[in-house]
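Taking it in order: structure first as structure tokens, then the write-up.
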Amino acid sequence: MLSEESKKFFIKQHGMVWLVVLLIVQIIVTLCHGYYSHYMIDENEDEYQSYIEKYGGPLTRQKSDEIEAEYNRLLHQDSKKVKNSRERKAFQVIYHQYTYEKGLDAGFIYDYRGWQTLLYIDNTPYLLVISIILIVTMIYSVEYDSDMYTMLLTGKKSRYGCGTSKILLSVSISIFLGATFQFIKAEYLAVTVGLPYTLAPLDTLEVFNGTIWNMSLARTAVSAFFIRILGCMLMASCTALVIVLVKNRILTIVLCTLSRLIIDIVCGRSDIVYFLPLGLIKGCGYFYPSRYESVIEEDGLKTRCVFHAIERNQFITLITSYIIALVIISFASYCLFSKTRRLRMIAFLVVPFVLSGCGAISDTSVKGKIVIPYGEENHMSTVINGSKCDISIDFDNNTLIKTENDGSTERVLNNAFPYENSIDLVFVNGSKCYYLMENDEDSGIYIRCMDLMTNKDSYIYSDMKNNSEDFYNLLTSYRDEDSVEDSFATVSKVDWFFVADGRVIYMKDNCIRGINLKTSRQQVVADDVEDGDVTYENGVLKCDGRNFALHI
Numbered sequence: 016m017l018s019e020e021s022k023k024f025f026i027k028q029h030g031m032v033w034l035v036v037l038l039i040v041q042i043i044v045t046l047c048h049g050y051y052s053h054y055m056i057d058e059n060e061d062e063y064q065s066y067i068e069k070y071g072g073p074l075t076r077q078k079s080d081e082i083e084a085e086y087n088r089l090l091h092q093d094s095k096k097v098k099n100s101r102e103r104k105a106f107q108v109i110y111h112q113y114t115y116e117k118g119l120d121a122g123f124i125y126d127y128r129g130w131q132t133l134l135y136i137d138n139t140p141y142l143l144v145i146s147i148i149l150i151v152t153m154i155y156s157v158e159y160d161s162d163m164y165t166m167l168l169t170g171k172k173s174r175y176g177c178g179t180s181k182i183l184l185s186v187s188i189s190i191f192l193g194a195t196f197q198f199i200k201a202e203y204l205a206v207t208v209g210l211p212y213t214l215a216p217l218d219t220l221e222v223f224n225g226t227i228w229n230m231s232l233a234r235t236a237v238s239a240f241f242i243r244i245l246g247c248m249l250m251a252s253c254t255a256l257v258i259v260l261v262k263n264r265i266l267t268i269v270l271c272t273l274s275r276l277i278i279d280i281v282c283g284r285s286d287i288v289y290f291l292p293l294g295l296i297k298g299c300g301y302f303y304p305s306r307y308e309s310v311i312e313e314d315g316l317k318t319r320c321v322f323h324a325i326e327r328n329q330f331i332t333l334i335t336s337y338i339i340a341l342v343i344i345s346f347a348s349y350c351l352f353s354k355t356r357r358l359r360m361i362a363f364l365v366v367p368f369v370l371s372g373c374g375a376i377s378d379t380s381v382k383g384k385i386v387i388p389y390g391e392e393n394h395m396s397t398v399i400n401g402s403k404c405d406i407s408i409d410f411d412n413n414t415l416i417k418t419e420n421d422g423s424t425e426r427v428l429n430n431a432f433p434y435e436n437s438i439d440l441v442f443v444n445g446s447k448c449y450y451l452m453e454n455d456e457d458s459g460i461y462i463r464c465m466d467l468m469t470n471k472d473s474y475i476y477s478d479m480k481n482n483s484e485d486f487y488n489l490l491t492s493y494r495d496e497d498s499v500e501d502s503f504a505t506v507s508k509v510d511w512f513f514v515a516d517g518r519v520i521y522m523k524d525n526c527i528r529g530i531n532l533k534t535s536r537q538q539v540v541a542d543d544v545e546d547g548d549v550t551y552e553n554g555v556l557k558c559d560g561r562n563f564a565l566h567i
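So the sequence shown is numbered by my numbering: it starts at 16 and just counts up by one.
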């Protein structure tokens, strides 16, 4: 039956012509969209490529010295000359990449445009979505349009064989479309700007700074490839299920297209979409780090998290759930098409399951009880790989020190944060080491997290004022001056803090405050609180002999 079904689609329904047309359209769309780039590179392409040829590859000590020497040379040259101006602009991009890469364990200098386009641009591929919907509806609708469906049900072989053949053909063509569309894009990028250094770590792309995934660029691309393939298969099976239920080609196309369009409009730019089936088509978002943006509010400039990174356990749960859903939905569409009444209710059970996705698991969740003894806010103990160690603040060097049981010490941080901020408090939860920074000219707080297992330093929250600066003083630099009142204001310090269950809880000026990390909403939990031991368990905070339920 599969061969007959294939002949019917490819020959009688002109399916081969449709596929060729769709591939041609995809090539045109890829050429029109182009690739991600920077205007300083576009305006000075030759100079940029010359620097890439000179400094490209793993970042070594020799290359670092050469880049610093080139920086000093350009800094003291006459910027009015056209050639020098073009060199400066091109070198700014190189130097920006260099300052980021030298802070990594294995830094690379390379033309990042191809990889950033392939792995970071997450626009919904509507052409792929529409192509799958059209092809699946063509495969299923011919029997409904020609009134052959009733005749198929009279024979046992035609009833069951036709249903199996249709779902297999739909999924197979969706795999072909997904793979071919991705191959066209990758080949275009490889030819135009290149995809160099495939074994370079993922975090050598600055947009992936702070990602929890320790993978190479090539491995990430392959992983995203199979995620998109799974998304294509799931979309094909869902479309098949819809057309079997409504038995109308036009209505199926409208329903499937509108549902995906609405989902993309409502939550396409947030992390929510990656907990829905549409996120599989996007692919690379599962490897993104958390994203933040600055917004102006009544009390100043604030930083909010607009995308929460998806944890490994969330990713595994989602992929497993969607594989199970793919099998169930495919089987449900087969049963409905073949009129197997015993299993027809599966369709009405799996659709809400697939649309609901899986609930997010907070990356700041805790197990057990948190206890912060009074007077011990500057150091905490934890267990890493079965060995107990102590994390403390080195106030003289403004960094964190890890002390092992045998007395050996190790510097945890390398001052990657702004130097005007001083580390005042530390909180450790398992392998997560959170540290809070303050300065005397700002009443806000700045919290980061160092993963003691992977040495990844990531941003958590900040309500400090932001500074603006150009490309390393090669052009001009400026800084907003604080008002006289702010400069001479006495800024009080935070007494203690901890991070748990997606919230930051801290005490300042005898007032306990809570911050929701997803919404950045801040709320006063309690006033007039005295110093003492702090305990937190199951959403209940105990301090000063009182219990406070947190509803932030």
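We put the beta carbon where it would ideally sit given N, CA and C, even for glycine.
Would a C-beta distance cut-off of 7 Å place residue i and residue j closer than the cut-off?
| i | j | result |
| --- | --- | --- |
| T219 | F123 | yes |
| L217 | T226 | yes |
| Y212 | Y125 | yes |
| I42 | I199 | yes |
| E20 | E62 | no |
| S185 | A233 | no |
| C526 | D510 | no |
| T152 | I268 | yes |
| I408 | V441 | yes |
| V44 | L142 | yes |
| V144 | R264 | no |
| L467 | C448 | yes |
| S348 | I182 | yes |
Excluding the 5 residues preceding and the 5 following residue i in the sequence, name in chain order all residues of the same chain whose CB lies nearer than 8 Å to its CB.
| i | result |
| --- | --- |
| A205 | G129 |
| T306 | Correcting the residue identity first, residue 306 is Arg in this sequence and not Thr. Excluding positions up to five away in sequence, the list reads C320, V321, F322. |
| F223 | L134, Y135, L217, F302, Y303, P304 |
| L415 | I406, S407, I408, D409, R426, V427, L428, I438, V441, C448, Y450, M465 |
Below 8 Å on the Cβ atoms is my guess for residue i versus residue j; work out the distance and round it to an integer in Å.
| i | j | result |
| --- | --- | --- |
| C271 | V257 | 6 Å |
| Y476 | L556 | Incorrect: roughly 18 Å between the Cβ atoms, too far for contact. |
| V259 | Y155 | 7 Å |
| L249 | L341 | 5 Å |
For residue i, which residues from the same chain have a beta carbon less than 6 Å from its beta carbon, with the 5 sequence-adjacent residues on both sides left out?
| i | result |
| --- | --- |
| E425 | K417 |
| G30 | F24 |
| D397 | For the record, residue 397 in the displayed sequence is Thr; it is not Asp. Result list for T397: V443, in chain order. |
In the DSSP assignment, find the unbroken alpha helix (DSSP H) run with residue i in it and report its ends.
| i | result |
| --- | --- |
| C247 | 232-261 |
| D61 | 60-70 |
| C448 | Unbroken run through C448 is the beta strand (DSSP E), 447-454; no alpha helix (DSSP H). |
| R426 | No alpha helix (DSSP H) contains R426, which is instead part of the beta strand (DSSP E) from 424-426. |
| I280 | 264-282 |
Following the continuous beta strand (DSSP E) through residue i, name the residue where it begins and the one where it ends.
| i | result |
| --- | --- |
| Y474 | 471-477 |
| K557 | 555-558 |
| W511 | 509-515 |
| T5 | Residue 5 lies beyond the range of the chain shown here (16 to 567); nothing can be said about it. |
| T414 | 414-419 |
| D405 | 402-409 |
| Y551 | 549-552 |
Going by other Cβ atoms of all chains shown within 10 Å of its Cβ, with 16 needed for buried, is residue i buried or exposed?
| i | result |
| --- | --- |
| Q538 | exposed |
| R243 | buried |
| A121 | exposed |
| S345 | buried |
| F196 | buried |
| D279 | buried |
| S402 | exposed |
| E81 | exposed |
| G554 | exposed |
| D457 | buried |
Note down, in chain order, each residue of its chain lying with its Cβ closer than 7 Å to the Cβ of residue i, except the 5 sequence neighbours on either side.
| i | result |
| --- | --- |
| M55 | K104, A105, Q107, V108 |
| A194 | I244 |
| G294 | V288, G300 |
| I325 | D286, Y289, Y301 |
| R327 | I227 |
| A469 | Here residue 469 turns out to be Thr, not Ala, going by the sequence shown. The answer, listed in chain order, is N229. |
| G209 | D126, G129 |
| F330 | Y301 |
With 7 Å as the threshold, decide whether the Cβ of residue i is near any Cβ in chain C.
| i | result |
| --- | --- |
| G422 | Structure shown: chain C not included; a single protein chain is present. |
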